[in-house]
Amino acid sequence: MPKAQVTFEDIGVTVTVPAGTRLIEVSEKIGAGLTYGCREGECGTCMMKIVTGSEHLATPSVLEDKVLKENYAGVANRLACQAQVLGGHVVVRPG
Numbered sequence: 001m002p003k004a005q006v007t008f009e010d011i012g013v014t015v016t017v018p019a020g021t022r023l024i025e026v027s028e029k030i031g032a033g034l035t036y037g038c039r040e041g042e043c044g045t046c047m048m049k050i051v052t053g054s055e056h057l058a059t060p061s062v063l064e065d066k067v068l069k070e071n072y073a074g075v076a077n078r079l080a081c082q083a084q085v086l087g088g089h090v091v092v093r094p095g
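Residues 1 to 95 in UniProt numbering are what the sequence shown spells out, letter by letter.
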């Protein structure tokens, strides 16, 4: 099974996960303390900044794109409950 690496810049932790894992699942696995609400991509609470590696994430869904726009998110922001890591190395931080 393909693997991916995710680094949480704020706490300095890097983990290897199966491709297809959502960022929120990685956060929970390592105890990164990511704040979240609905886990369905509707509230925007779990917004994160993708520092590097955005090309290794699945394309945002229509719902995620809508919520990001409603929250005036920057181009580097994604919802951790929706963003799936497809491979490579992704560096994230709260935001």
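Heads up, the beta-carbon is just placed ideally off N, CA and C, and yes, glycines get one too.
Bear in mind the structure is a predicted one, so any value in this text is a computation, not a measurement.
Residue i burial status per 10 Å Cβ neighbour count (16 or more: buried)
i, result
"MET1", "exposed"
"GLU40", "exposed"
"GLU64", "buried"
"ILE11", "exposed"
"VAL75", "exposed"
Alpha carbon of residue i to alpha carbon of residue j, nearest angstrom
i, j, result
"THR45", "ALA80", "9 Å"
"LYS66", "TYR36", "17 Å"
Proximal residues to residue i (C-beta, below 7 Å), its chain only, five neighbours per side dropped
i, result
"VAL51", "GLU9, VAL91, VAL92 and ARG93"
Three-state secondary structure (DSSP) of residue i
i, result
"LEU86", "coil"
Sequence-distant residues of its chain with Cβ nearer than 6 Å to residue i (five each side left out)
i, result
"TYR72", "none"
Cutoff 8 Å; reference residue i; Cβ partners in own chain excluding five residues on either side
i, result
"VAL13", "THR7, ILE30 and ALA32"
task: Please specify which runs of the alpha helix (DSSP H), each continuous and at least 4 residues long, are wholly inside the UniProt domain "2Fe-2S ferredoxin-type" (2-95), giving them in chain order.
output: 23-30 and 62-70
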